Amino acid sequence: MKQQPRVASTQHAAAASRSAKPQTAKPQQVSRRAGVAAQSFAGISCVPFARSVTGMEISGNAYAWWANAAGVYARSQRPERGSVLSFRASGGMRSGHVAVVSRVLGPREVLIDHANWEGPGIRKGTVMRGVSVVDASENNDWTSVRVQVGHSDANYGRAYPTNGFIHNRAVGSIRTASTGGFEEVAEAPVPARAHAEHLAGAIEGLARDAAR
Numbered sequence: 011m012k013q014q015p016r017v018a019s020t021q022h023a024a025a026a027s028r029s030a031k032p033q034t035a036k037p038q039q040v041s042r043r044a045g046v047a048a049q050s051f052a053g054i055s056c057v058p059f060a061r062s063v064t065g066m067e068i069s070g071n072a073y074a075w076w077a078n079a080a081g082v083y084a085r086s087q088r089p090e091r092g093s094v095l096s097f098r099a100s101g102g103m104r105s106g107h108v109a110v111v112s113r114v115l116g117p118r119e120v121l122i123d124h125a126n127w128e129g130p131g132i133r134k135g136t137v138m139r140g141v142s143v144v145d146a147s148e149n150n151d152w153t154s155v156r157v158q159v160g161h162s163d164a165n166y167g168r169a170y171p172t173n174g175f176i177h178n179r180a181v182g183s184i185r186t187a188s189t190g191g192f193e194e195v196a197e198a199p200v201p202a203r204a205h206a207e208h209l210a211g212a213i214e215g216l217a218r219d220a221a222r
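First residue of the sequence shown? That's 11 in the numbering used here, and the numbers climb one at a time after it.
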């Protein structure tokens with residue numbers, strides 16, 4: 011996977027990157043990670059890295075992850091910590107790209123960890139952590155993003171088309187807010203079960219009324 015040279019983007023995308031200028035530490039190249047063989051990072055690509063970090067069992071090249079995750083993993087247009095940002099195949103990035111969201115900074119900016127993203131001062135196949143990505147889409151649906159270039163905390167590359175976020179939870183699950191400011195996963199009721207519970211409650215209510 012090869013990063014395209016920086017080119018002019020749309021006026022909205024430029025405005026989005028300016029308004030979402032990251033106030034974070036510069037990304038770091040990583041050669042080792044606990045639990046993963048060190049030699050694997052000598053030339054690891056984005057797909058095996060995303061699998062090793064998230065534990066998601068999605069097959070295929072990066073561009074196929076969005077379709078292959080359908081019906082198995084939850085997907086949406088809103089980022090979550092630990093979810094995978096799915097890049098479409100485009101230009102010189104014919105295999106697409108996947109990156110793991112490490113932190114959500116706001117509705118239009120996240121930090122990602124990913125591998126095999128080329129840029130100034132970045133060796134091909136290495137892992138980058140804490141890289142800023144800003145939403146460049148018009149509707150804030152994360153269908154177009156710009157990625158922090160190299161080790162600069164101010165420069166972003168061209169706009170890349172994306173699908174959205176693949177979440178490390180099953181289809182049919184929901185999120186509930188916690189007191190810590192994060193969100194936890196809760197199992198959503200199966201429609202048939204929800205109907206049965208509603209019916210049982212209604213019958214119980216009728217029985218109480220009749221007893222009175």
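Just so you know, even glycine gets a beta-carbon here, dropped at the ideal spot from N, CA and C.
Please read these numbers as outputs of a predicted model, since none were measured by experiment.
message: Just list the residues that DSSP pairs Y2 with in beta bridges.
response: It is not possible to answer for residue 2, since the shown part of the chain is limited to 11 through 222.
task: Give the straight-line distance between the Cα atoms of E119 and S112, rounded to the nearest whole angstrom.
output: 11 Å
field: Per-residue DSSP class, three states only, for A169
entry: strand
task: Answer yes or no: do A84 and R156 have a C-beta to C-beta separation smaller than 8 Å?
output: no
- prompt: Would DSSP call V57 helix, strand or coil?
  reply: helix
message: Check this for me: beta carbons of F59 and Y170, under 8 Å apart or not?
response: no
- prompt: Are N71 and S100 close, meaning C-beta to C-beta below 8 Å?
  reply: no
task: Using three-state DSSP, classify E197 as helix, strand or coil.
output: With a pLDDT of only 45 at E197, under the threshold of 50, the placement of this residue in the model should not be trusted; the figure read from the coordinates follows. E197 falls in the strand class under three-state DSSP.
task: Kindly indicate which residue of G131, W152, H177 has the alpha-carbon position closest to the one of V63.
output: H177
- request: Could you work out which residue in D151, G81, G92, G102 is closest to I73 when comparing CA atoms only?
  value: Per the sequence shown, residue 73 should be read as Tyr rather than Ile. Comparing Cα-Cα distances from Y73 to each of D151, G81, G92, G102, the minimum goes to G102.
query: Smallest Cα separation from H124: which of R91, P117, L115, T136?
result: T136
First through last residue of the alpha helix (DSSP H) which encompasses A77: 75 to 78
- prompt: In the structure shown, what three-state DSSP assignment does A146 receive?
  reply: coil
query: What's the gap between the Cα of V94 and the Cα of W76?
result: 10 Å
query: So S112 is in the beta strand (DSSP E); what residue range does that whole segment cover?
result: 107 to 116
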